[in-house]
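Here the structure comes first, spelled out in structure tokens, and everything after it is commentary.
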Amino acid sequence: MDKYSVYSARLVDQTEYMAPGHRACQGCAEVLAVRLILKALGRDTIMAMSTGCMEIISSPLPLTSWRIPWIHNAFENSSAVVSGCESGMKAMMRKGRIPQKKINFVAMGGDGATADIGMGPLSGALERGHDFLYVCLDNEAYMNTGIQRSSSTPYGASTTTSPAGKKSIGQHTQKKNMAQIAVAHNIPYVATACTSYPFDLMEKAKRAAEMNGAAYLHVLSVCPTGWRIPPEEAIKYGRLAVESGMFPLYEVVNGKYSLSYKPPVMIPVKEYLAAQGRYRHLTDTDLHKIEEMAMQEYQRIVRLSEGD
Amino acid sequence: MAKPIDEITWQELGIGAVVTEIGNSVQYKTGSWRSERPVVKKEHCIKCGVCWLFCPDMSIVQTPEGHFTANLEFCKGCGICAKECPVGCITMQGEEA
Ligand SMILES: Cc1ncc(C[n+]2csc(CCOP(=O)(O)OP(=O)(O)O)c2C)c(N)n1
Ligand code: SF4
Ligand code: SF4
Ligand code: SF4
Ligand SMILES: [Mg+2]
Numbered sequence: 002m003d004k005y006s007v008y009s010a011r012l013v014d015q016t017e018y019m020a021p022g023h024r025a026c027q028g029c030a031e032v033l034a035v036r037l038i039l040k041a042l043g044r045d046t047i048m049a050m051s052t053g054c055m056e057i058i059s060s061p062l063p064l065t066s067w068r069i070p071w072i073h074n075a076f077e078n079s080s081a082v083v084s085g086c087e088s089g090m091k092a093m094m095r096k097g098r099i100p101q102k103k104i105n106f107v108a109m110g111g112d113g114a115t116a117d118i119g120m121g122p123l124s125g126a127l128e129r130g131h132d133f134l135y136v137c138l139d140n141e142a143y144m145n146t147g148i149q150r151s152s153s154t155p156y157g158a159s160t161t162t163s164p165a166g167k168k169s170i171g172q173h174t175q176k177k178n179m180a181q182i183a184v185a186h187n188i189p190y191v192a193t194a195c196t197s198y199p200f201d202l203m204e205k206a207k208r209a210a211e212m213n214g215a216a217y218l219h220v221l222s223v224c225p226t227g228w229r230i231p232p233e234e235a236i237k238y239g240r241l242a243v244e245s246g247m248f249p250l251y252e253v254v255n256g257k258y259s260l261s262y263k264p265p266v267m268i269p270v271k272e273y274l275a276a277q278g279r280y281r282h283l284t285d286t287d288l289h290k291i292e293e294m295a296m297q298e299y300q301r302i303v304r305l306s307e308g309d
Numbered sequence: 069m070a071k072p073i074d075e076i077t078w079q080e081l082g083i084g085a086v087v088t089e090i091g092n093s094v095q096y097k098t099g100s101w102r103s104e105r106p107v108v109k110k111e112h113c114i115k116c117g118v119c120w121l122f123c124p125d126m127s128i129v130q131t132p133e134g135h136f137t138a139n140l141e142f143c144k145g146c147g148i149c150a151k152e153c154p155v156g157c158i159t160m161q162g163e164e165a
């Protein structure tokens, strides 16, 4: 758990804005991320969602798992759609057609939707400075269509379009650093989070939504199906990602960095990677190389958080 | 929607396929996916709610006495609750056993 200990679980809002009966795989931490983020945002939320696992599992006609106004978009345009919702409703409020109210405008998409296909519209919406929150649910591949690599798939991971083999290490490129791309837009709020640290995740979602202007939240969302791990270990693996320094939890508020969680003892990256099916083929040398790359980025974030 | 989902035809869908009934996926009982069910040893449960917080299927409910148990209508048997319970009072038991 995180800094709040097990006892605060009961203080969390009991209302579920995501209904059961959704069709996510057993142990899906991506839908858990959606559930927790909605708890943090509350009912005054309007969401546009790109296609991907979360859209597919929550809205097979004529059913929906959503208990907030929600619209399904094409892959690339959730940021554009939510920009329109925000501008339109702001104009209607200004003209007195609807009452003044703080509404959370949220666009959500997977890593494929965010780092590849919807990158242009997302950049546009961040640059225009709409008052909205973009949430990237990063399960590190195009999972909904059967585990294809995205630009957010980490080096060394085997996917159906980056298969490991005699002449291939699997994904041979580096994971695109989306949070840093968001930071480069000089928006008021950027943060990384993970469902294995639920209080940190919910607090960040709340803070992001309360910000005036654009906010970006990058959520590592463990996918047992695509990562080839047992479903009951979805929370454990999120924890290992953070504790090994592979996925640092941090916030950048108005350009100022702060590390949200510093693991008391850094665990070896091998503990995070070795038992995942998608990394099964890696040798100790490969694991070493991955650890070195991860530590460089981790140390960079630590330095940015400590410096003024 | 009043009708069961398998009786609704496409002609009955709203314009733009808008679904106006919120959260109606509760009609679809995912409990049938389960091969193992979580069983809570009540006498050891410290009523912390950790299992509830981590359940991806909103399938843990609090009983009037304050314990937490699985709602088997929707529980898919992922085993996260059993794995994360801080006192280890949940065990997964095979459905056929
Ligand atoms: C333009 C376009 N290309 C491809 C698809 C097919 N498609 C639907 S969901 C999906 C994968 C989504 O991946 P990601 O955004 O990472 O979300 P995840 O399913 O992993 O949560 C793909 C390729 C599509 N719907 N539209
Ligand atoms: S494929 Fe992965 S992200 Fe998609 S529903 Fe299954 S577990 Fe969740
Ligand atoms: S087994 Fe999984 S789905 Fe069932 S109650 Fe536990 S966490 Fe929820
Ligand atoms: S996690 Fe365990 S101890 Fe805590 S409420 Fe659930 S069953 Fe009880
Ligand atoms: Mg994905």
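From first to last, the protein sequence lines are chains A and B. Quick note: the first sequence uses this note's numbering, first residue 2, plus one each step. Quick note: the second sequence uses this note's numbering, first residue 69, plus one each step. Heads up, the beta-carbon is just placed ideally off N, CA and C, and yes, glycines get one too.
Item, Value
"Cross-strand partners of residue 217 of chain A (DSSP beta bridge)", "A:135, A:191"
"7 Å Cβ cutoff, residue 63 of chain A in contact with chain B", "yes"
"Min CB distance residue 140 of chain B to chain A below 7 Å", "no"
"Between the CA atoms of residue 99 of chain B and residue 154 of chain B - distance to the nearest angstrom", "25 Å"
"Rounded straight-line distance, which links the Cα of residue 107 of chain B to that of residue 14 of chain A", "25 Å"
"Listed by chain order, chain B residues near residue 55 of chain A by CB distance under 8 Å", "In chain order: nothing, as chain B lies at least about 11 Å away."
"CB-CB length for residue 264 of chain A against residue 243 of chain A, believed under 8 Å", "7 Å"
"Residue 105 of chain A, DSSP secondary structure in three states", "strand"
"For residue 125 of chain B and residue 103 of chain A, the rounded distance between their alpha carbons", "29 Å"
"The beta strand (DSSP E) enclosing residue 49 of chain A, as first and last residue numbers", "46 to 50"
"Other residues of its chain near residue 226 of chain A: CB distance less than 8 Å, five sequence neighbours each side excluded", "26, 29, 144, 148"
"Boundaries of the alpha helix (DSSP H) in which residue 23 of chain A is found, first to last residue", "Unbroken run through residue 23 of chain A: none, as it is neither H nor E."
"Contact set between residue 28 of chain A and chain B, taken where Cβ atoms lie within less than 9 Å", "124, 144, 146, 147, 148"
"Continuous beta strand (DSSP E) stretch holding residue 117 of chain B: start and end", "First-last for residue 117 of chain B: undefined, no H or E at that position."
"Residues of its chain near residue 207 of chain A, where Cβ-Cβ distance is below 8 Å and the 5 sequence neighbours each way are ignored", "41, 42"
"Neighbour-count burial assignment, residue 1 of chain A, 16 or more Cβ in a 10 Å radius", "Outside the displayed range of chain A (2 to 309) lies residue 1 of chain A, so it cannot be described from this structure."
"is_contact[residue 319 of chain A, chain B] using C-beta, thresh 7 Å", "Nothing about residue 319 of chain A can be read from this structure; chain A reaches only from 2 to 309."
"Those runs of the beta strand (DSSP E) which lie wholly inside the segment 92 to 148 of chain B and span at least 3 residues", "104 to 108, 128 to 130, 136 to 138"
"Whether residue 110 of chain A touches residue 121 of chain A by CB criterion (7 Å)", "no"
"Cβ-heavy atom distance, residue 230 of chain A to ligand 3, below 6 Å", "no"
"CB contact check: residue 129 of chain A to chain B, cutoff 7 Å", "no"
"Per-residue burial, residue 75 of chain B [other beta carbons within 10 Å of its own, 16 or more giving buried]", "exposed"
"Simplified DSSP assignment, three categories, for residue 161 of chain A", "coil"
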